[in-house]
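The structure appears below as structure tokens.
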Amino acid sequence: MKPEENKFADVPLRVKTWIYIIIVFALGISHPIAMKLFVSWISFQCFFEFLSLYKIHSNRIIPSLFVGTAQFLLFYFFTCENYFLYSAALAVIVLLYFLLLKTNIKKLYGVLIALMVCLLAFPHLLFVRETVSGLNAIIFLVVVTELNDVFQYLMGKFFGKHKITPKISPNKTLEGFIGGVFLTVILSNILGLFLLQADILINTIVGVILGVSGFFGDVFMSYLKRKGAVKDTGALLPGHGGLLDRMDSLIFNAPIFFWILTLLITR
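This is the structure we're talking about:
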């Protein structure tokens with residue numbers, strides 16, 4: 001029985017951390033300005049963790065603060081359409097900063113990935129919050145995405161036998177992936193009925209897409225961590241690792257859901 005018990009040894013700590021995550025999330029989405037600050041903080045923290053992942057040993061706080069602060073100002077003063085134009089200029093400035101520090105090409109490539117995630121992917125959380133569906137939409141996206149992670153984790157723990165990405169993330173199994181997506185579709189239909197007021201077909205499609213793309217976001221981050229020879233991107237969230245470890249599934253899900261919401265659900 002010991003091996004089975006050990007499989008779930010980290011669950012109480014993970015649950016305790018989830019309580020804090022839920023409180024911070026609720027405060028972060030409570031008001032449009034709070035949401036801008038929340039997403040800017042996410043970008044600051046995740047950019048910092050990316051720099052650590054790529055072993056960039058120069059002062060990581062300064063460029064991370066610059067990214068987070070500049071992003072907040074862009075959110076505050078510009079529309080969604082203009083944001084992408086000015087965020088590209090922001091990315092160029094950050095890359096020039098690291099070039100002046102004589103950062104090697106491999107690490108510059110890492111900085112570019114970090115900028116794409118923090119300046120292009122995560123801002124879609126704010127854009128979802130600012131759609132017609134607003135608060136309901138961001139709750140739906142985050143709850144479905146994060147519980148998809150939980151479902152795949154638990155299904156893998158209970159039933160996982162066949163490794164699906166053994167060289168990238170050895171703990172991921174085919175059973176966990178399929179079971180997680182299945183439960184995510186059910187959750188999507190339940191929440192979608194009340195939060196999005198969408199029909200069963202749309203809710204099912206959204207559930208499948210978020211379940212699959214969330215998995216690939218997780219695998220993408222696992223690949224980067226494997227290349228960087230680290231287990232976690234940080235220690236901010238006990239039992240989970242860094243914030244980037246918890247946000248990885250939203251790298252793809254946030255942009256995808258925003259466009260689904262814009263093109264299909266709100267029409």
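Per the UniProt record's numbering, residue 1 is the first one in the sequence shown, and the count goes up by one each step. A virtual CB, placed ideally from N, CA and C, is assigned to each residue, including glycine.
Practice task
Look up Gly214 in the DSSP assignment and say whether it is helix, strand or coil.
Solution key: DSSP places Gly214 in helix when its eight states are reduced to three.
Practice task
Determine, using beta carbons only, whether Leu90 and Phe98 come nearer to each other than 8 Å.
Solution key: The beta carbons of Leu90 and Phe98 sit no closer together than 8 Å.
Exercise for the section: Under the assumption that Phe47 contacts Ala114 (Cβ atoms under 8 Å), give the Cβ distance between them as a whole number of angstroms. Expected result: Right, the Cβ-Cβ distance comes to about 5 Å (below 8 Å), so this counts as a contact.
Handout entry: Cβ neighbour criterion (16 or more within 10 Å) applied to Ile209
Key = So Ile209 counts as buried.
Problem - Three or more C-beta pairs below 8 Å linking the segment 117 to 135 and the segment 178 to 192 - result: Under the 8 Å Cβ criterion, the segment 117 to 135 does not count as touching the segment 178 to 192, having fewer than three qualifying pairs.
Problem - Contact the segment 152 to 162 vs the segment 191 to 200: 3+ CB pairs below 8 Å - result: Contact between the segment 152 to 162 and the segment 191 to 200 is absent, because fewer than three Cβ pairs lie under 8 Å.
Practice task
Out of Ala198, Val230 and Ser222, state which residue places its alpha-carbon closest to the alpha-carbon of Ile260.
Solution key: The option with the nearest alpha carbon to Ile260 is Ala198.
Exercise for the section: Just the C-alpha distance for Phe38 and Ala229, rounded to the nearest angstrom, thanks. Expected result: Rounded to whole angstroms, Phe38 to Ala229 spans 29 Å at the Cα level.
Handout entry: Contacting residues, own chain, Cβ-Cβ under 6 Å from Asn253 (five flanking each side not counted)
Key = Result list for Asn253: Thr145, Leu210, Ser213 and Gly214, in chain order.
Practice task
Let me know the secondary structure DSSP gives Thr103 once reduced to three states.
Solution key: DSSP places Thr103 in coil when its eight states are reduced to three.
Exercise for the section: Kindly indicate which three-state DSSP category Gly241 falls into: helix, strand or coil? Expected result: Reduced to three states, the DSSP call for Gly241 is strand.
Problem - The alpha helix (DSSP H) enclosing Thr69, as first and last residue numbers - result: Where Thr69 is concerned, the enclosing alpha helix (DSSP H) stretches over Ile61 to Phe77.
Exercise for the section: Quick one: measure Cβ to Cβ for Ser222 and Asp149, integer angstroms, because I've assumed they're closer than 8 Å. Expected result: The C-beta separation of Ser222 from Asp149 comes to about 12 Å, leaving the pair out of contact by the 8 Å criterion.
Problem - Bridge partner(s) assigned by DSSP for Thr173 - result: Answer by DSSP bridge pairing, in chain order: Lys163.
Problem - Among Leu263, Pro170 and Ser188, nearest to Val219 - alpha-carbon criterion - result: Of Leu263, Pro170 and Ser188, the residue nearest in Cα terms is Pro170.
Exercise for the section: Identify the continuous alpha helix (DSSP H) that holds Leu119 and give its terminal residues. Expected result: Unbroken run through Leu119: none, as it is neither H nor E.
Handout entry: Buried versus exposed, by CB contacts within 10 Å (16 or more), Gly239
Key = Its Cβ having fewer than 16 others within 10 Å, Gly239 is exposed.
Problem - Residue interval of the alpha helix (DSSP H) (run including Lys36) - result: Segment Pro32 to Leu53, the alpha helix (DSSP H) holding Lys36.
Practice task
Could you round the C-beta distance between Leu51 and Ser64 to whole angstroms and report it? I think they count as a contact, below 8 Å.
Solution key: Indeed they touch by this definition, with Cβ atoms about 7 Å apart.
Practice task
Could you say if the segment 8 to 24 and the segment 77 to 91 meet the contact criterion of at least three C-beta pairs nearer than 8 Å?
Solution key: As far as the Cβ criterion goes, the segment 8 to 24 does not touch the segment 77 to 91, which means the pair count is below three.
Problem - Leu53 versus Lys225: straight-line alpha-carbon distance, rounded - result: Approximately 7 Å between the Cα atoms of the pair.
Practice task
Specify, as a first and last residue, the run of the alpha helix (DSSP H) that Thr131 falls within.
Solution key: It is not in any alpha helix (DSSP H) - Thr131 carries neither H nor E in the DSSP assignment.
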